[in-house]
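For the sequence shown, UniProt numbering begins at 395 and goes up steadily by one.
Reading through the structure tokens given below for one structure.
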Amino acid sequence: MIKLRERSQQLSTITQMSAGIAHEIKNPLTAIKGFLQIGAANPALRDNYQDIILDEVNRIESIVQDFMMLSKPKSSIQLEEVELKQVIDYVTRLLQGEADTKKVRLFSSCHFNEHSIYTEPKRLKQILLNIVKNALEAVEVGGEVQINGKQLEDELTLSVIDNGQGLTEQELAKIGEPFFTTKEKGTGLGVMVTKKMVEDLNGSIYFESEKGKGTEVTVVLPKVHDSEY
Ligand code: ADP
Ligand code: MG
395 MIKLRERSQQ
405 LSTITQMSAG
415 IAHEIKNPLT
425 AIKGFLQIGA
435 ANPALRDNYQ
445 DIILDEVNRI
455 ESIVQDFMML
465 SKPKSSIQLE
475 EVELKQVIDY
485 VTRLLQGEAD
495 TKKVRLFSSC
505 HFNEHSIYTE
515 PKRLKQILLN
525 IVKNALEAVE
535 VGGEVQINGK
545 QLEDELTLSV
555 IDNGQGLTEQ
565 ELAKIGEPFF
575 TTKEKGTGLG
585 VMVTKKMVED
595 LNGSIYFESE
605 KGKGTEVTVV
615 LPKVHDSEY
């Protein structure tokens, strides 16, 4: 015999999530449909909307990818010896173009005794990428984003410090909630997915922020991933 009432909380989470996903996907779909209809009625205008349509399709793709990552089981982790400096350099290089366009100084500093940890490179890169991307989006022209790598005993600390717009206490309390965003074109999924990936790697994530001053995001990871966890 099952007491159905206990499921109501679960159901309400599912309902909320579904409504959120549906909403996030419906918006770009409506835009795509609209632009395709204009193009169909007016073939001369078709080329004008190709970029927007592609942007909106990319948006749907990235939302779907985020949700796929959320449902990926922890057991799918593939552990490897990971050279940390390489991960930091990879992410820095990947986002350098975006930083240059915004005239933001993106730089890193590493203090490691040992240079590698045993973890999953794919998730680690994605974690750092998501955090640095948010930092770049938070800073104004001329701002700074710094990636710091440090090693403490059995732990590794990665921090991303920016001197961007920061968050109020109320905003900070909502960080990581599904669909929480302060950006016009944000999805509010990045931090939630990042947190899940950090937890997959048996780590923790911390946010410290002050409105108007900046934000520091710290990820603490075990040096050796213990799959028994
Ligand atoms: P999105 O980037 O699509 O808005 P995220 O889940 O990545 O979604 O981030 C959620 C929210 O957290 C952002 O909209 C922003 O308000 C806040 N945030 C995250 N990182 C930072 C940061 N470095 N500085 C200021 N705000 C941040
Ligand atoms: Mg983001």
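All C-beta atoms in this analysis are idealised placements derived from N, C-alpha and C, irrespective of residue type, glycine included.
Please read all numbers here as calculations on a predicted model, not as lab measurements.
- Q480 is the residue among E563, M411, Q480, F461 whose C-alpha sits nearest the C-alpha of I511.
- Contact between the segment 586–598 and the segment 459–468 is present, with at least three C-beta pairs closer than 8 angstroms.
- For M411 against P572, the beta-carbon gap comes to about 6 angstroms, under 8 angstroms, which counts as contact.
- Put simply, of I432, L439, E602, A438 the residue whose alpha carbon is nearest the alpha carbon of T562 is E602.
- Assignment of beta-bridge partners to R499 by DSSP yields E538.
- By the neighbour-count definition (other C-beta atoms within 10 Å, threshold 16), G584 is a buried residue.
- Annotation: R487 to A435 spans about 43 angstroms, alpha carbon to alpha carbon.
- Each of I454, K516, E492 was checked against the Cα of G580, and the nearest Cα belongs to I454.
- In the DSSP assignment, D556 falls within the beta strand (DSSP E) that extends over 549–556.
- In the DSSP assignment, V526 falls within the alpha helix (DSSP H) that extends over 515–532.
- Taking C-beta atoms as the reference points, V539 and L566 fail to come closer than 7 angstroms.
- Rounded to whole angstroms, E514 and S598 show a C-alpha spacing of 15 angstroms.
- Sequence-distant Cβ neighbours of L615 in its own chain, meaning closer than 6 angstroms and more than five residues away, are L550, L595, G597.
- Note on L546: under 16 other CB atoms within 10 angstroms of its CB, so exposed under the neighbour-count rule.
- The C-beta distance from K497 to V535 rounds to 5 angstroms, short enough to fall under 8 angstroms.
- The Cβ-Cβ distance between T609 and D556 falls below 7 angstroms.
- Ranked by how close their Cα comes to the Cα of K617, the residues V476, T575, N528 have V476 in first place.
- By the Cβ-count criterion, M395 is exposed, with fewer than 16 other Cβ atoms from all chains shown falling within 10 Å of its own Cβ.
- A distance criterion of 6 angstroms places the beta-carbon of D449 beyond contact range of the ligand ADP, judged by its closest non-hydrogen atom.
- Scanning its chain for C-beta atoms nearer than 7 angstroms, with the 5 sequence neighbours on each side dropped, one finds around E450 the residues P422, A425, I426, in chain order.
- For L583, there is no enclosing beta strand (DSSP E), as DSSP marks it with neither H nor E.
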